[in-house]
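Numbering-wise, the working numbering comes out as the position in the sequence shown, counting from 1, plus 2.
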Amino acid sequence: MSKYQNTCDSMLLSRFFDHELEPDEQALVREHIKSCPSCQKMHREHQAVSDFFIAGMDEIVSQIGFDSLETKILEQIREKQISWQDRIKLFFLSRRLIIPIAAMAAMMFVFFSLTVKSPVSVAGPSALITSFTGDISSVMFLETPESHQTIIWFQETF
3 MSKYQNTCDS MLLSRFFDHE LEPDEQALVR EHIKSCPSCQ KMHREHQAVS DFFIAGMDEI
63 VSQIGFDSLE TKILEQIREK QISWQDRIKL FFLSRRLIIP IAAMAAMMFV FFSLTVKSPV
123 SVAGPSALIT SFTGDISSVM FLETPESHQT IIWFQETF
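See the structure below:
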């Protein structure tokens with residue numbers, strides 16, 4: 003115990019009682035306790051408290067029916083288990099699945115809407131639908147990209 007200033011250090015004795023010392027330190031404290039009456043008294047008090055708690059724990063543990071406790075716990079677990087049908091519903095309705103599916107659908111919509119080519123518009127009339135010629139005037143129906151129908155009237159002079 004020469005490396006300790008106070009051989010009856012309560013913290014050192016507490017560490018000895020709790021088996022927290024290195025083996026060489028433990029041997030030194032054990033030798034000191036054999037020769038020191040005050041440390042022997044502290045050791046007896048500590049041992050009495052320790053025995054009291056151990057006896058109390060043994061009594062409590064002996065009263066517990068571990069088999070019935072295990073059965074009760076397993077029953078509670080079984081009651082809270084979800085059926086496989088409910089698990090499938092929860093999986094497909096969970097955010098972990100719905101959000102990625104919605105994001106993928108939006109990306110596919112944008113991709114395909116940008117890749118589909120719109121028809122090329124023509125600046126002038128694209129086709130002559132029909133024409134009528136009369137004694138006084140003529141009418142022609144033309145299709146254009148914007149209005150799809152144009153009527154042109156013109157007067158003929160005799």
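Glycine included, every Cβ here is placed at the ideal spot set by N, Cα and C.
query                                                                                                                       : result
By DSSP, does residue 85 sit in helix, in strand, or in coil?                                                               : coil
Consult DSSP for residue 119 and reduce its assignment to one of helix, strand or coil.                                     : coil
Secondary structure at residue 45, three-state DSSP: helix, strand or coil?                                                 : helix
Can you tell me where the alpha helix (DSSP H) with residue 66 in it begins and where it stops?                             : No alpha helix (DSSP H) contains residue 66, which DSSP labels as neither H nor E.
How about residue 48 and residue 19: are their beta carbons less than 8 angstroms apart?                                    : yes
Does DSSP put residue 27 in a helix, in a strand, or in coil?                                                               : helix
Does the Cβ of residue 7 have 16 or more other Cβ atoms within 10 Å, making it buried, or fewer, making it exposed?         : Residue placement at residue 7 is flagged as unreliable, the pLDDT there being 46, under the threshold of 50; a coordinate-derived value is accordingly withheld.
Put residue 17 into one of helix, strand or coil per three-state DSSP.                                                      : helix
Using a 10 Å radius around the Cβ and a threshold of 16 neighbouring Cβ atoms, would you call residue 34 buried or exposed? : buried
Distance check for residue 36 and residue 4, CA to CA, integer angstroms please.                                            : Its pLDDT being 45, under 50, residue 4 is placed unreliably in this model, and the coordinates cannot settle the point.
Exposed or buried, residue 112, counting other C-beta atoms within 10 Å across all chains shown (16 or more means buried)?  : exposed
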